[in-house]
Every structure is written in C-alpha cells, then in structure tokens.
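Q:
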Amino acid sequence: MSYLLLYSTQDGQTKKIITRIAENLRRSGVECDLRDLATVKQISLAPYQKVMVGASIRYGHFNSVLHQFVICHQKQLNQKTTAFFGVNLTARKPEKRTAETNAYVRKFLMKSPWRPDLCNVFAGALLYPRYRWLDRIMIQFIMRMSGGETDTTKEIEYTDWAQVDRFSNEFLQI
Ligand SMILES: Cc1cc2nc3c(=O)[nH]c(=O)nc-3n(C[C@H](O)[C@H](O)[C@H](O)COP(=O)(O)O)c2cc1C
Numbered sequence: 001m002s003y004l005l006l007y008s009t010q011d012g013q014t015k016k017i018i019t020r021i022a023e024n025l026r027r028s029g030v031e032c033d034l035r036d037l038a039t040v041k042q043i044s045l046a047p048y049q050k051v052m053v054g055a056s057i058r059y060g061h062f063n064s065v066l067h068q069f070v071i072c073h074q075k076q077l078n079q080k081t082t083a084f085f086g087v088n089l090t091a092r093k094p095e096k097r098t099a100e101t102n103a104y105v106r107k108f109l110m111k112s113p114w115r116p117d118l119c120n121v122f123a124g125a126l127l128y129p130r131y132r133w134l135d136r137i138m139i140q141f142i143m144r145m146s147g148g149e150t151d152t153t154k155e156i157e158y159t160d161w162a163q164v165d166r167f168s169n170e171f172l173q174i
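For the sequence shown, the UniProt record's numbering assigns the number 1 to the initial residue and increments by one for each residue that follows.
1) Using the DSSP secondary-structure output, state which residues sit across from valine 56 in a beta bridge.
2) Given this structure, state the Cα-to-Cα distance separating methionine 143 from alanine 103, to the nearest angstrom.
3) Is lysine 15 near ligand 1, with its Cβ less than 7 Å from a heavy atom?
4) With tyrosine 3 as the anchor, note down where its beta strand (DSSP E) starts and where it stops.
5) According to the neighbour-count rule (16 or more other Cβ atoms, all chains shown, within 10 Å of its Cβ), is histidine 61 buried or exposed?
6) For glutamine 79, count neighbouring C-beta atoms within 10 Å of its own C-beta (all shown protein chains included) and say buried if the count is 16 or more, exposed if not.
7) Would you say the segment 13 to 28 touches the segment 67 to 79, given that touching needs at least three Cβ pairs under 8 Å?
8) My parser needs the beta strand (DSSP E) runs of 3 or more residues fully inside the segment 96 to 155; what are they?
9) Where asparagine 120 and tryptophan 133 are concerned, what is the direct C-alpha to C-alpha distance, given to the nearest angstrom?
10) Quick one, which of Val51, Glu23, Thr9 has its alpha-carbon nearest leucine 37's?
11) Please state the DSSP three-state secondary structure of valine 164.
12) Quick check: what's the CA-CA separation for leucine 34 versus asparagine 24?
In structure tokens:
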C-alpha cells in the first residue's frame with residue numbers, strides 16, 4: 001500500500017506539515033512518497049492508492065504549480081481517493097480554518113475540476129525576520145489590518161499539530 005504526498009511551499013511550513021502527516025502514516029504501516037510539486041511535472045498516479053496535495057498561500061494565491069498539476073492530472077485525481085489542504089495565516093483564526101470558511105480554499109475548490117474526498121485548512125507560520133524587506137512590510141500591514149502580530153522581530157508558528165494529526169487519521173480511514 002503506497003500513498004503519494006505532494007506539496008507546494010515557499011518558506012517550508014507546508015513541507016513541515018506534510019512531513020508530519022507522512023510520519024503519522026508511516027507509523028501506521030503505509031509507504032509514502034513525498035514530492036515537491038515544483039519539481040514534479042508529469043507523474044503517473046496509477047501506482048498509488050491515495051494522493052494528498054498541500055499548498056500554501058502567498059498574496060492571496062496558491063502557487064501556479066498547484067493549478068498546473070490539477071489541470072494535467074484531473075482525470076487521474078478524480079478516479080483516486082484524494083485529499084487537499086491549504087496553509088495560510090488567515091487560518092490562525094479558528095473560525096477561518098475549514099474548507100468552507102477559509103476564502104482561499106473555498107475559492108480554489110469552487111473553481112477546481114478536481115473534487116478531493118477530504119479537505120482541510122491549516123494555520124501557517126509568521127516568520128518576520130526571514131522575509132525580504134518589502135514582504136515584511138506588506139505582511140505587517142496585513143497583520144495590522146486583521147488584528148494580528150505586528151512585531152517584526154517575532155517568529156510564530158500558528159499550526160495546530162493536533163489538527164494535523166487528526167487529518168492524518170481521517171486520510172487513513174477514507
Ligand atoms: C510574502 C507572503 C505573502 C503571504 N500572503 C498571505 C495571504 O495573502 N494570506 C494569508 O492568509 N497568508 C499569507 N501569507 C502567509 C503564508 O501563507 C504562511 O506564512 C504559510 O505558513 C506559508 O507556508 P509555506 O512556508 O509552506 O509557503 C503570506 C506569507 C508571505 C511570506
């Protein structure tokens with residue numbers, strides 16, 4: 001039994017989340033192939049029993065590699081057992097942490113030809129000191145507007161790891 005886990009990340013948080021999911025699944029006896037969508041162009045999903053895709057948001061958008069992957073593989077994706085999760089800072093607010101209440105994930109699913117069996121949203125990380133100057137200013141502005149952390153010396157991980165572990169179990173059970 002083998003699962004394919006794909007991710008799109010900029011600063012590493014989505015990779016960290018999906019790596020934790022892979023560890024959970026492996027502990028349950030499942031073989032997992034973990035791949036970065038940025039390096040995967042065409043891949044056959046046939047050898048895999050289930051497929052999971054995770055991707056983060058930057059300035060309101062998922063990376064184009066996610067959209068390209070879905071377009072190229074939509075037929076295979078819709079024939080498999082699949083899961084999708086989005087990662088962003090809006091989801092630091094618990095009420096914006098579901099596929100229905102998180103605008104980025106809701107819009108993605110509305111427009112996507114892929115219908116995942118399971119969807120979720122995880123809060124990402126705020127890593128001010130690691131951002132380029134302009135990104136730091138922009139994120140600080142967005143955080144100020146939305147009542148979040150504005151101290152640019154801080155690094156905060158908002159990811160709820162218990163939620164990630166529950167999602168791993170749900171993926172095993174579908
Ligand atoms: C330049 C930049 C732009 C971002 N834009 C958004 C945004 O529009 N909405 C949001 O909720 N989070 C936004 N985020 C937060 C990221 O989604 C969050 O930091 C996440 O953990 C990134 O995951 P990754 O490291 O896997 O790319 C942004 C972060 C950065 C650095």
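Glycine included, each C-beta is placed from N, C-alpha and C at the ideal position.
A: Here's the rundown:
1) The sequence shown places serine at residue 56, rather than the valine named in the question. Answer is Val87, bridged to serine 56.
2) 17 Å
3) yes
4) 2 to 8
5) exposed
6) exposed
7) no
8) 118 to 123, 125 to 127
9) 31 Å
10) Thr9
11) helix
12) 13 Å
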